[in-house]
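**Student:**
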Amino acid sequence: MNTANIVFTSDLKRAIDSAKFLKPSVKIISNPIFRETEIPIPFSKLLLGLKLHSSIWAVILRFLWFCGYSNGCESLKDAKRRAEKASKFLAANANEHKNVVLVGHGFFNMLIGKELKKMGWKGKKKVNTTHWHATIFFLDA
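Sequence positions in the sequence shown follow the working numbering and run 499 to 639.
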């Protein structure tokens with residue numbers, strides 16, 4: 499983050515605020531292409547009556563999303579397409595600005611990481627998706 503010439507974020511307030519907190523002096527550009535993937539809406543009123551902790555609902559609905567269920571949100575296929583566009587955008591900006599940072603959201607960052615690797619970028623085998631962690635990607639010279 500210290501060597502970043504430009505910082506990108508999603509258009510969600512929490513990502514913009516995090517970037518400002520990490521490096522107040524750098525130019526921050528928010529873009530909805532980096533927004534986190536959504537969780538689908540439950541498919542039945544029967545399920546809505548089921549009382550579960552929100553974290554349990556998140557796991558169940560994310561699992562269903564992986565299985566192809568996307569009621570009311572972007573599908574996994576569409577999210578992968580968006581991640582491909584986002585990775586190309588980041589790569590082009592890295593080429594122009596040398597060091598760029600994305601302050602984004604865990605799961606979508608993982609999808610972007612997979613796309614960057616397909617494009618020849620190097621990085622950790624697994625992108626860390628937990629809060630306040632970073633993954634560095636680079637191109638061999």
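Yeah, the Cβ is synthetic: ideal placement off N, Cα and C, and Gly gets one too.
For the alpha helix (DSSP H) containing residue 557, name the first residue and the last one.
**Tutor:** Residues 552-564.
**Student:** So, do the stretch 564-581 and the stretch 591-600 have three or more beta carbon pairs nearer to each other than 8 Å?
**Tutor:** Touching, no, given that fewer than three Cβ pairs across the two stretches are closer than 8 Å.
**Student:** Less than 8 Å between the C-beta atoms of residue 598 and residue 588, yes or no?
**Tutor:** Result yes, Cβ atoms of residue 598 and residue 588 sit closer than 8 Å.
**Student:** Can you check whether the CB of residue 530 is closer than 8 Å to the CB of residue 559?
**Tutor:** No; because the gap between Cβ atoms is not below 8 Å, this pair is not in contact.
**Student:** Return the CA-CA distance between residue 616 and residue 547, expressed in angstroms with no decimal places.
**Tutor:** Distance between the alpha carbons of residue 616 and residue 547 is about 43 Å.
**Student:** Given this structure, state the Cα-to-Cα distance separating residue 608 from residue 549, to the nearest angstrom.
**Tutor:** Distance between the alpha carbons of residue 608 and residue 549: 30 Å.
**Student:** Going by DSSP in three states, residue 516 sits in which element: helix, strand or coil?
**Tutor:** If DSSP states are grouped into helix, strand and coil, residue 516 belongs with the helices.
**Student:** Pick from 637, 568, 636 and 585: whose alpha carbon is nearest that of residue 612?
**Tutor:** Comparing Cα-Cα distances from residue 612 to each of 637, 568, 636 and 585, the minimum goes to 585.
**Student:** Can you tell me whether residue 637 is buried or exposed, with buried defined as 16 or more other CB within 10 angstroms of its CB?
**Tutor:** Classification of residue 637: exposed, given that the 10 Å Cβ count is below 16.
**Student:** Exposed or buried, residue 526, counting other C-beta atoms within 10 Å across all chains shown (16 or more means buried)?
**Tutor:** Its Cβ being crowded by 16 or more others within 10 Å, residue 526 is buried.
**Student:** Going by the CB atoms, is the gap between residue 533 and residue 573 shorter than 8 Å?
**Tutor:** Against a cut-off of 8 Å, the Cβ pair of residue 533 and residue 573 comes out as no contact.
**Student:** Using 8 Å as the limit for Cβ to Cβ distance, is residue 552 near chain D?
**Tutor:** No chain D appears in the structure shown, which is made up of a single protein chain.
**Student:** With residue 600 as the anchor, note down where its beta strand (DSSP E) starts and where it stops.
**Tutor:** Residues 598-601.
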